[in-house]
Amino acid sequence: MLSRTADHLYWMARYTERAENLARMLDVNSRMSLLPQGAEILQQGWIATLTIIGLMDAFRQRYGAVTSSNVIAFMAFDRDNPLSICSCVHAARENARAVRGTLTSEIWETLNATWLEMRGTSLRSSNEEEVGSFFEWVKYRSHVARGVIQGTMLRDEAWHFTWLGTYLERADSTARILDVKYHLLLPRGEQAGGAADYYQWSALLHSVSAFEIYRRVYRDLITPRRVAELLVLRDDMPRSLRRCMSQVHMHLQSVRNAQSAETERRAGELQASLHFGRIDSVFEIGLHEYLVRFLGKVRDLGDRVSRDFLVSAAD
Amino acid sequence: MLATPYDEMHASDGDVREHEHYKTFASWLARTPGERVAHKRAEADTLFHRVGITFTVYGEDAGTERLIPFDIVPRIIPANEWKHLAAGLKQRVRALNAFTNDIYHSQEILNAGRIPAEQVLCNGQYRPEMQGIDVPGSIYAHIAGIDVVRAGEGEFYVLEDNLRVPSGVSYMLEDRRMMMRLFPELFALHSVAPVEHYPDLLLENLRSVAPSGVNDPTVVLLTPGAYNSAYFEHAFLAQQMGIELVEGQDLFVDDEFVYMRTTRGPQRVDVIYRRIDDDFLDPLVFRPDSMLGIPGLLAAYRAGRVTIANAIGTGVADDKSIYPYVPEMVRFYLGEEPLLSNVPTFVLRRKEDLDYTLAHLRELVVKEVHGAGGYGMLIGPAASKAELEAFRQRILRAPEKYIAQPTLALSACPTFVDAGIAPRHIDLRPFVLSGREVTLVPGGLTRVALREGSLVVNSSQGGGTKDTWVLER
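Chains as they are written, first to last, in my numbering: chain G, 16 to 330; chain P, 26 to 498.
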């Protein structure tokens with residue numbers, strides 16, 4: 016298939032997934048703001064979120080004070096922020112529009128309808144109820160998009176590039192969500208306990224749809240180590256790093272070309288380290304350090320996918 | 026001022042009796058409750074929006090997407106009228122292709138003095154780069170959109186030949202799909218000739234003109250990109266034909282062969298159905314600032330390694346200053362009398378035509394010879410004094426840039442408007458395909474001027490569309 020087509024499909028999927036993960040990230044933070052905790056902790060949560068997305072400076076310039084309402088206005092609805100949910104939904108739709116001939120009409124109609132509906136709504140970022148249901152809606156539309164892709168798309172190259180984008184983005188997001196929370200919740204060493212901690216960890220699990228899963232898998236107290244294990248190393252956890260990387264590796268094998276061997280090897284290496292890894296060794300390196308390295312590898316894979324397939328060989 | 030337009034549905038002015046071919050529809054409309062029809066119209070709007078059948082309007086905010094209004098009253102053409110029209114269209118397109126081939130080779134029609142040579146050779150649409158190049162099958166206009174109107178007692182006239190990158194066929198197909206979805210019962214009552222196979226015919230046609238020696242040609246559709254006004258159509262046709270929709274950046278030329286960049290490396294391209302104007306095709310030969318084209322494409326084309334459809338240089342045959350000579354082409358190349366008439370046309374480079382036009386500006390339609398899309402034209406009867414005067418000055422500055430035609434009383438077809446159903450002027454653009462043979466699907470795009478009294482049907486000027494039914498009996 017055309018390199019440019021593959022590129023649009025890949026980014027269509029990435030932006031769809033990114034919008035969903037942003038909604039998850041913002042949702043968990045705004046839920047925490049309902050807990051009886053100090054304003055300072057809440058603010059730290061927002062600062063950590065903005066920092067890990069890399070938008071702290073841009074936010075400061077445009078909005079100043081770090082308040083829930085400001086951050087949500089910036090990260091959810093601000094069209095001038097290229098990484099806001101709004102901008103991601105729009106970018107997903109524009110990428111789909113550029114290759115609508117390759118998509119099934121259901122996929123195009125789904126992404127187009129999401130954008131049309133978003134364009135038509137005006138929400139107040141200060142209204143918790145509205146904001147909460149907006150995040151739910153974004154997640155729901157992302158589920159719908161994935162379902163339609165799953166249910167209607169031919170299993171050809173287009174399919175593989177779509178999922179490659181989805182899983183690389185998801186790996187990146189899960190690592191960031193975990194890093195923000197881990198950082199924030201455990202400033203020093205690994206100590207758990209207290210009601211506030213419990214709520215924060217459960218909020219984190221909720222944000223990646225893993226709360227019920229945790230209960231089923233561990234049937235025990237929520238501990239940071241197990242949360243990390245679930246989100247890093249479990250193959251049956253759909254948003255875990257391991258799950259994402261085994262999917263990335265699989266789809267890379269399916270689109271293999273003359274120049275992609277090294278990319279495939281690196282994906283395989285990363286997947287193998289997750290496959291055979293133990294949570295103890297993760298904690299020996301330090302979770303934050305581990306996640307930073309992981310994010311670097313995911314970024315490298317993204318760059319390599321672009322180079323090998325999407326902006327294909329020069330004349 | 027204007028004669029009463031021919032009424033497509035009713036037998037004569039003031040008469041409530043319908044033409045035979047409209048009777049079934051009229052009685053269906055009469056017995057169908059108003060609410061149901063209104064409901065269906067709203068449904069059509071929603072569906073068109075959701076499917077994203079939009080076009081982009083130039084001059085407004087970049088990337089403004091608008092819906093082309095769709096009217097649910099079909100335009101019906103009885104079998105015998107279509108038969109005559111189709112024969113006339115095929116004849117005309119044959120002659121136009123023969124003319125283009127002649128101009129870029131021996132120029133017999135000029136030598137015979139049937140068309141003034143400077144009219145052709147000094148025309149900005151004449152491409153000297155094409156002189157002496159053989160193209161497969163000597164076909165230049167593989168896809169022709171011929172604009173036809175009915176005037177007077179219902180006679181068909183050709184208003185314009187579109188031989189460069191005619192658009193609109195996707196609306197013909199989508200309008201039909203929409204009508205069948207909204208009103209399946211109407212199709213049970215009529216035997217409407219199908220048009221859905223157009224993409225198959227088009228693909229077959231494009232494959233038939235591949236460079237010789239290519240067994241299984243790769244055909245691509247070349248678009249300027251997602252912000253072009255007709256992008257929806259480009260994507261739609263590529264999808265329907267199952268071919269790649271490419272932009273200039275996806276193609277490159279190596280050793281006079283054209284390749285597309287794919288995820289598995291370069292792949293040969295044999296036929297390019299281009300929806301980009303000549304000027305933008307190859308920055309090495311035409312506009313050097315074009316970001317849309319492919320450097321070296323013309324060299325590959327001249328070497329016979331790739332077919333471009335429509336060919337480069339077809340503009341010389343559909344220019345409005347050449348239009349008056351098309352009937353002469355039919356006689357010259359085919360030795361036949363034209364089956365379809367031209368609209369009488371004044372060519373303002375001729376002194377006597379210019380004088381007449383300036384004296385009768387109020388009654389005439391004046392068009393720029395290179396204009397398209399309804400931009401830059403004057404409709405005398407609808408213009409204010411100031412507009413007439415301004416246009417008079419423009420004509421005087423460069424008369425050779427204009428032609429003038431009498432204001433035709435375009436036929437009118439009942440159409441849904443705010444106040445209910447009222448007659449609105451329409452035209453018709455059938456699409457004629459030329460390859461190994463000349464074919465066309467029974468139908469075309471009917472455009473309707475939605476503003477009362479307006480004669481401008483272009484979508485960029487507030488026109489809408491209707492489904493076009495050619496009856497099989």
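Note that the Cβ used here is the ideal one computed from N, Cα and C, for glycine as well.
Min CB distance residue i to chain G below 8 Å
{"i": "P:Asp86", "result": "Note that P:Asp86 has pLDDT 43, beneath the 50 cutoff, so the model's placement of it is unreliable and no number is given."}
{"i": "P:Gly488", "result": "no"}
{"i": "P:Asp295", "result": "no"}
{"i": "P:Asp380", "result": "no"}
{"i": "P:Asp225", "result": "no"}
{"i": "P:Ala263", "result": "yes"}
{"i": "P:Tyr83", "result": "Any reading at P:Tyr83 must be qualified, since the residue scores a pLDDT of 49, below 50, and its modelled position is unreliable; the value itself is stated next. No, P:Tyr83 lies away from the interface with chain G (no Cβ there is under 8 Å from its Cβ)."}
Nearest-angstrom beta carbon gap, residue j and residue i [assumed within contact, 8 Å]
{"i": "P:Ile171", "j": "P:Arg374", "result": "That pair is no contact at about 24 Å."}
{"i": "P:Leu323", "j": "P:Asp307", "result": "4 Å"}
{"i": "P:Asp127", "j": "P:Lys491", "result": "With 8 Å as the limit, P:Asp127 and P:Lys491 do not qualify as a contact, their Cβ atoms being about 37 Å apart."}
{"i": "P:Trp494", "j": "P:Ile140", "result": "That pair is no contact at about 38 Å."}
{"i": "G:Leu156", "j": "G:Thr129", "result": "Correcting the residue identity first, residue 156 of chain G is Arg in this sequence and not Leu. That pair is a contact at about 4 Å."}
{"i": "P:Val187", "j": "P:Ala169", "result": "One point to set straight first is that residue 187 of chain P is Asn, not Val, in the sequence displayed. Indeed they touch by this definition, with Cβ atoms about 7 Å apart."}
{"i": "P:Ile431", "j": "P:Cys438", "result": "Strictly speaking, residue 431 of chain P in this sequence is Pro, with Ile absent from that position. Not confirmed; about 21 Å, so no contact."}
{"i": "G:Arg19", "j": "P:Glu272", "result": "7 Å"}
Residue j beta carbon less than 8 Å from that of residue i
{"i": "P:Val457", "j": "P:Phe416", "result": "no"}
{"i": "P:Leu246", "j": "P:Arg330", "result": "no"}
{"i": "G:Leu182", "j": "G:Gln262", "result": "For the record, residue 182 of chain G in the displayed sequence is Tyr; it is not Leu. In contact: G:Tyr182 and G:Gln262 (Cβ atoms closer than 8 Å)."}
{"i": "P:Gly363", "j": "P:Pro352", "result": "Looking at the sequence provided, one finds Pro at residue 363 of chain P rather than Gly. Yes."}
{"i": "P:Ile428", "j": "P:Val372", "result": "yes"}
{"i": "G:Leu248", "j": "G:Arg257", "result": "yes"}
{"i": "P:Gly250", "j": "P:Val278", "result": "no"}
{"i": "P:Val497", "j": "P:Ser216", "result": "The question names Val, but residue 497 of chain P is Glu in the sequence shown. Contact flag set, yes."}
{"i": "G:Leu50", "j": "G:Tyr214", "result": "yes"}
{"i": "G:Thr64", "j": "G:Val195", "result": "yes"}
{"i": "P:Gln116", "j": "P:Leu359", "result": "yes"}
{"i": "G:Met90", "j": "G:Leu37", "result": "yes"}
{"i": "P:Glu221", "j": "P:Arg189", "result": "no"}
Partner residues on chain P for residue i, Cβ-Cβ distance less than 8 Å
{"i": "G:Ala225", "result": "Correct list: empty, because the minimum Cβ distance to chain P is about 34 Å."}
{"i": "G:Val263", "result": "Those within 8 Å of G:Val263 in chain P number zero; the least Cβ separation is about 16 Å."}
{"i": "G:Val270", "result": "Thr288"}
Below-8 Å beta-carbon distance, residue i vs any chain P residue
{"i": "G:Val163", "result": "no"}
{"i": "G:Ala113", "result": "yes"}
{"i": "G:Val104", "result": "no"}
{"i": "G:Glu143", "result": "no"}
{"i": "G:Glu172", "result": "yes"}
{"i": "G:Val159", "result": "no"}
{"i": "G:Arg94", "result": "no"}
{"i": "G:Val320", "result": "no"}
{"i": "G:Phe74", "result": "no"}
{"i": "G:Thr31", "result": "no"}
{"i": "G:Val307", "result": "no"}
{"i": "G:Pro97", "result": "no"}
{"i": "G:Arg203", "result": "With a pLDDT of 46 at G:Arg203, under the threshold of 50, the predicted position of this residue should be treated as unreliable, and no value is reported."}
{"i": "G:Val43", "result": "no"}
{"i": "G:Val242", "result": "no"}
{"i": "G:Phe89", "result": "no"}
{"i": "G:Ala207", "result": "Note that G:Ala207 has pLDDT 46, beneath the 50 cutoff, so the model's placement of it is unreliable and no number is given."}
Where residue i meets chain P, residues with beta-carbon distance less than 9 Å
{"i": "G:Met16", "result": "Glu269, Thr287, Thr288 and Arg289"}
{"i": "G:Ala273", "result": "Arg289 and Gly290"}
Contacts that residue i makes with chain P (C-beta to C-beta distance below 7 Å)
{"i": "G:Glu151", "result": "In chain order: nothing, as chain P lies at least about 22 Å away."}
Chain G contact residues for residue i, given Cβ-Cβ distances below 9 Å
{"i": "P:Arg75", "result": "Glu124, Asn127, Ala128 and Leu131"}
Amino acids of chain G, ordered along the chain, whose beta-carbon sits closer than 8 Å to that of residue i
{"i": "P:Glu272", "result": "Arg19"}
{"i": "P:Asp280", "result": "Simply none; closest approach about 10 Å."}
{"i": "P:Asp275", "result": "Leu17, Ser18 and Arg19"}
Listed by chain order, chain G residues near residue i by CB distance under 7 Å
{"i": "P:Ala260", "result": "Arg115 and Gly116"}
Practice task
Could you please tell me which residues of the segment 298-322 of chain P, in chain order, have their CB closer than 7 Å to any CB of chain G?
Solution key: Listed by position along the chain: nothing, the set is empty.
Practice task
Below 7 Å between beta carbons is the criterion; list the residues of the segment 240-256 of chain P that meet it against any residue of chain G, in chain order.
Solution key: Within the segment 240-256 of chain P, the qualifying residues are Ala251.
Exercise for the section: With 7 Å as the C-beta to C-beta threshold (strictly closer), list the residues of the segment 285-299 of chain G near chain P in chain order. Expected result: So the list is empty, because no residue satisfies the distance condition.
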